[in-house]
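Peer 1: Using the numbering used here, the letters of the sequence shown correspond one by one to residues 14 to 422.
By construction, the Cβ of each residue, glycine as well, lies at the ideal position given by its N, Cα and C atoms.
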Amino acid sequence: GHIWPSLIERQYFPDGRSEPMDYSQRQDWLPADEKGERKNNGQTLCFSHPEALEWFTDNAVNWVLSQCGKADYVSMWSADTWRIALCRCPKCQERGWNATDWYLMVHNTIWRKLKAKGWPGTFGWIVYHGSEEAPTVVSLEQQGEAMDCLYAPRPRGGTQHGPFTNDHPVTVRYRQNLEAWREYLARQGYRGTRTVFEYYYDLVLLGPLAAGRTHLIPRHEVMQEDMRFYREQGFDGFFDCNPPAGVWWPDPLSRWLYHRLLWDVDLDLAAARADFFAHYYGPAAQTAQRVREGVERLMFEEPSEAVLEQLRGLEEPLAQEEQQAGKDPLLANRLRAFRLWVHYCLLCKESEFHEKVTRNKERGRAVEQAIRDWLRQHREFLATNGLASPSDVDYMAGPVVDRHLRLFQ
Numbered sequence: 014g015h016i017w018p019s020l021i022e023r024q025y026f027p028d029g030r031s032e033p034m035d036y037s038q039r040q041d042w043l044p045a046d047e048k049g050e051r052k053n054n055g056q057t058l059c060f061s062h063p064e065a066l067e068w069f070t071d072n073a074v075n076w077v078l079s080q081c082g083k084a085d086y087v088s089m090w091s092a093d094t095w096r097i098a099l100c101r102c103p104k105c106q107e108r109g110w111n112a113t114d115w116y117l118m119v120h121n122t123i124w125r126k127l128k129a130k131g132w133p134g135t136f137g138w139i140v141y142h143g144s145e146e147a148p149t150v151v152s153l154e155q156q157g158e159a160m161d162c163l164y165a166p167r168p169r170g171g172t173q174h175g176p177f178t179n180d181h182p183v184t185v186r187y188r189q190n191l192e193a194w195r196e197y198l199a200r201q202g203y204r205g206t207r208t209v210f211e212y213y214y215d216l217v218l219l220g221p222l223a224a225g226r227t228h229l230i231p232r233h234e235v236m237q238e239d240m241r242f243y244r245e246q247g248f249d250g251f252f253d254c255n256p257p258a259g260v261w262w263p264d265p266l267s268r269w270l271y272h273r274l275l276w277d278v279d280l281d282l283a284a285a286r287a288d289f290f291a292h293y294y295g296p297a298a299q300t301a302q303r304v305r306e307g308v309e310r311l312m313f314e315e316p317s318e319a320v321l322e323q324l325r326g327l328e329e330p331l332a333q334e335e336q337q338a339g340k341d342p343l344l345a346n347r348l349r350a351f352r353l354w355v356h357y358c359l360l361c362k363e364s365e366f367h368e369k370v371t372r373n374k375e376r377g378r379a380v381e382q383a384i385r386d387w388l389r390q391h392r393e394f395l396a397t398n399g400l401a402s403p404s405d406v407d408y409m410a411g412p413v414v415d416r417h418l419r420l421f422q
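1. Using the three-state DSSP reduction, which class does G250 fall into: helix, strand or coil?
2. Buried or exposed, going by whether 16 or more other CB atoms sit within 10 Å of the CB of V370?
3. Spatial neighbours of A224 within its chain, please: CB distance less than 6 Å, with the 5 preceding and 5 following residues excluded, ordered by chain position.
4. Do you know how far the Cα of A345 is from the Cα of Q336?
5. Can you give me the Cβ contacts of L388 inside the same chain, cut-off strictly under 7 Å, excluding the 5 residues immediately before and after it?
6. Could you give the first and the last residue of the continuous alpha helix (DSSP H) run that contains D407?
7. Can you tell which of F248, E192, T135 has the C-alpha that lies nearest to the C-alpha of E146?
8. Quick check on DSSP: helix, strand or coil for L163?
9. DSSP state of A45, grouped into three classes?
10. Determine the closest residue to S364 out of L327, L400, E315, with distance taken between C-alpha atoms.
11. Could you tell me which of G399, V355, D71 sits nearest to Q302, measuring between CA atoms?
12. If you count every other CB in all the chains shown that lies within 10 Å of the CB of S425, and 16 or more means buried, which is it?
13. Looking only at its own chain, which residues have a Cβ that is under 8 Å from the Cβ of Q323, when we skip the five neighbours before and after it?
14. Roughly how many angstroms lie between the CA atoms of H228 and L216, to the nearest whole one?
15. Looking at the unbroken alpha helix (DSSP H) that takes in P330, where does it start and where does it end?
16. Pick from E32, E234, Q56, D41: whose alpha carbon is nearest that of W115?
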């Protein structure tokens with residue numbers, strides 16, 4: 014993860030101990046800003062200074078070997094910021110390097126030291142935020158052998174725009190950036206691996222959208238188109254970061270299909286979905302599939318009274334199936350979870366309706382409060398049945414609702 018700031022703030026020892034780093038006698042290690050003042054920015058050091066580079070890379074090696082020495086894969090990321098604050102001293106500036114050049118120069122040095130100590134794992138870097146731009150000068154050590162390029166293809170929330178192959182300006186720009194990296198790696202004769210880093214079902218930035226906060230982004234066919242594209246681009250693996258990561262509500266359908274697609278990007282989605290409903294909802298499969306497809310369609314339509322009315326009409330069929338499943342507590346619980354989710358979708362769509370159509374702030378606030386109350390009311394049920402952890406529900410009822418409440422201030 015984003016370990017670089019910790020490696021700057023603390024000194025790590027081979028035995029695993031660490032202590033705050035004191036730069037009082039090493040001010041010349043600190044990065045200079047535009048005015049020439051050297052101070053700790055928590056993101057980088059003056060890596061043109063040989064001693065600063067030596068200390069930082071030794072520190073990183075100590076961290077890897079003491080904290081995850083038996084790991085077969087470590088990906089060490091730069092600071093989580095859009096623009097890494099590089100050192101502006103004359104020696105650093107005269108090299109004419111971009112942030113990724115500096116990042117990979119340091120990465121190469123750490124890799125060499127790890128291999129010299131016999132560490133057998135794969136050492137990865139990330140293409141993301143401050144390291145998004147392809148290097149212009151620095152080459153990879155040993156053609157990237159035993160390295161991994163973890164490529165975050167678009168910003169968090171980018172999946173709201175559809176598959177990575179479409180013509181939305183965000184995806185076009187990121188495809189162009191991907192091509193720059195493909196050319197860079199080709200020039201290296203790259204011998205390492207390539208991994209995709211996506212944000213499917215991530216509520217941090219998809220939460221502001223009605224379809225996002227109800228765990229419907231991306232659509233299943235979008236995942237499939239994405240994965241086909243990534244495979245064609247030569248990617249070896251896929252990593253999904255989806256905080257809060259424990260949500261399986263209303264059921265495991267999306268996560269199950271995600272994992273199926275990892276192993277078979279040409280999966281027959283329609284057949285797989287039908288298979289899921291048949292095995293998960295049993296005698297209620299037809300009703301469950303009809304309701305699910307109705308909700309999926311309506312949540313992506315523009316909000317209107319008609320859409321809200323149709324969503325309301327999808328709760329009753331599930332209630333009837335739930336009643337008929339009384340002698341099968343497992344099925345009854347699954348149908349209850351599904352019904353609760355449909356009502357949650359209705360409330361989220363109603364909030365969107367007041368945001369975009371009525372612009373009634375008072376009514377919008379009331380709906381958001383109802384969403385919060387609804388989630389808290391069913392928090393124990395969701396957690397007990399493995400659909401969402403208590404902290405997941407708290408996130409949906411807390412920060413996500415707060416974000417929407419601000420729209421109605």
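Peer 2: On the basis of the data shown:
1. strand
2. exposed
3. I230, M312, F313
4. If I take the Cα positions, the gap works out to 7 Å.
5. Cβ within range, chain order: V406, M409, A410.
6. 403–408
7. E192
8. strand
9. strand
10. E315
11. V355
12. This structure leaves residue 425 out entirely; the chain is present only between 14 and 422.
13. G307, L311
14. 8 Å
15. 328–337
16. Q56
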